[in-house]
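**Student:** So for the sequence shown, the working numbering puts the first residue at 65; every next one is plus one.
Using N, Cα and C, we set each Cβ at its ideal position, and we do this for glycine too.
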Amino acid sequence: MNIYVLLKRTFDTEEKIVLTNGQIAEDGAEFIINPYDEYAIEEAIQIKEKNGGEITVVTVGTEESEKELRTALAMGADKAVLINIEDDVEQSDQYTTAKILAQYLKDQSPDLILGGNVAIDGGSGQVGPRVAELLEIPYVTTITKLDIKDRQVTVVRDVEGDSEIIETTLPLLVTAQQGLNEPRYPSLPGIMKAKKKPLTELEIDDLDLEEEDVEAKTKTIEIYLPPKKEAGRILNGEVQDQVKELVQLLHSEAKVI
Ligand SMILES: Cc1cc2nc3c(=O)[nH]c(=O)nc-3n(C[C@H](O)[C@H](O)[C@H](O)COP(=O)(O)OP(=O)(O)OC[C@H]3O[C@@H](n4cnc5c(N)ncnc54)[C@H](O)[C@@H]3O)c2cc1C
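1. What is the rounded straight-line gap between the Cα of residue 180 and the Cα of residue 303?
2. Can you name, in chain order, every residue of its own chain whose Cβ lies under 6 Å from the Cβ of residue 193, other than the five neighbours on each side?
3. Pull up the CB-CB distance for residue 105 and residue 247, whole angstroms please, since I reckon it's below 8 Å.
4. Tell me which same chain residues have a C-beta within less than 6 Å of the C-beta of residue 140, skipping the five on either side of it?
5. Do you know whose CA, among 211, 284, 131, 269, lies nearest residue 255's CA?
6. Look up residue 215 in the DSSP assignment and say whether it is helix, strand or coil.
7. How long is the line joining the alpha carbons of residue 319 and residue 285, rounded to whole angstroms?
8. Report yes if the CB atom of residue 217 is closer than 7 Å to the CB atom of residue 206, and no otherwise.
9. Using alpha carbons as the reference points, say which of 250, 222, 253 lies closest to residue 238.
10. Determine which residues share a DSSP beta bridge with residue 121 and list them.
11. Who does residue 226 pair with in a DSSP beta bridge?
12. Of the residues 123, 293, 209, 243, which one's Cα is nearest the Cα of residue 97?
13. Going by C-alpha distance, which of 200, 262, 100, 251 is nearest residue 234?
14. Considering Cα atoms alone, identify which of 133, 117, 70, 82 is closest to residue 264.
15. Answer yes if the stretch 281 to 296 comes into contact with the stretch 168 to 182, meaning at least three C-beta pairs across the two stretches below 8 Å, and no otherwise.
16. Taking the alpha-carbon of residue 101 as reference, which of 185, 269, 90, 315 has the nearest alpha-carbon?
17. Among 260, 74, 314, 245, which residue has its Cα nearest to the Cα of residue 93?
18. Determine which residues share a DSSP beta bridge with residue 97 and list them.
19. Return the first residue and the last residue of the beta strand (DSSP E) that residue 238 is part of.
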């Protein structure tokens, strides 16, 4: 089975976000594999263990993403592909990423593509479904269970706390939800082996794409932090007086009634 995993290198949201000149300062910040993509990698490994096949992990990013790709190789992926857009793409969005990934994948004959349900930084949850649409293959999002028998696939997906069972066929794209599995840590032999596994670097030229083909469809106007929460205020006195004061404050200060 020809398995592909879409991996995004993300800003660790445990980090304190600092804005410098209206941009999120990345200097010294910790970057990680998007946690939902770790479920996707683990699932790919378990499928390979059962059904055989090859796992390629692919990212659209910069040279810095090599570290996260090597981690995926150390977990058990066989090959990695970095589509480096640093020099060619000035403004990128979900359209850009999906277009590049689909252009790469369309020539690879994937049986199964696994991605994360959502990236913890950008957080749109758009890339997976967009890639499937471009490839004209079915997709199922937020999956918590995946069973493959021959080309028949049974998927359980999380629908805001409830479960839905879907039957479909390969080729298929799925996006991983928390609970799908317990991602493994890379072992020491895995880390050693990963150093020798193939990591191919491509640019959009190699995919017959021009800068105009992947131009972002959205524009970020402003990035700002949420307003600081003000301290609460405690009203004193008789309950009736407190209610009167509260109503008056909601009217005159908070201006919500
Ligand atoms: C060099 C560079 C420049 C950028 N410039 C901008 C910019 O100017 N403005 C802006 O808004 N954003 C920019 N980005 C960010 C990028 O466009 C978005 O973060 C990206 O489109 C993913 O969207 P999302 O975070 O909403 O992902 P989601 O759709 O929430 O991610 C869901 C899943 O899709 C897959 N996925 C997402 N992104 C990638 C990826 N890059 N490679 C492989 N799989 C992926 C993963 O499986 C992930 O779990 C830039 C990124 C790079 C690398």
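**Tutor:** Considering the structure as presented:
1. Those two C-alpha atoms are separated by around 51 Å.
2. Shown here for residue 193: same chain residues with a beta carbon closer than 6 Å to its own, the five before and five after excluded, namely 203 in chain order.
3. Contact flag correct, Cβ pair sits at about 7 Å.
4. Once the five neighbours on either side are set aside, the close Cβ partners of residue 140 are 109.
5. When 211, 284, 131, 269 are compared, the shortest CA-CA separation from residue 255 is found for 131.
6. Three-state result, residue 215: coil.
7. Roughly 28 Å separates the two Cα atoms.
8. The answer is no: Cβ separation not under 7 Å.
9. Answer by Cα proximity: 222.
10. DSSP lists 69, 144 as the beta-bridge partner residues of residue 121.
11. Answer by DSSP bridge pairing, in chain order: 223.
12. Ranking 123, 293, 209, 243 by Cα distance to residue 97 puts 123 first.
13. Residue 234 has its Cα closest to that of 200, out of 200, 262, 100, 251.
14. For residue 264, the closest of 133, 117, 70, 82 by C-alpha to C-alpha distance is 133.
15. Output reads no: the stretch 281 to 296 does not touch the stretch 168 to 182.
16. Of the listed residues, the one whose Cα sits closest to residue 101 is 185.
17. Comparing Cα-Cα distances from residue 93 to each of 260, 74, 314, 245, the minimum goes to 74.
18. Bridge partners of residue 97: 73.
19. Where residue 238 is concerned, the enclosing beta strand (DSSP E) stretches over 236 to 240.
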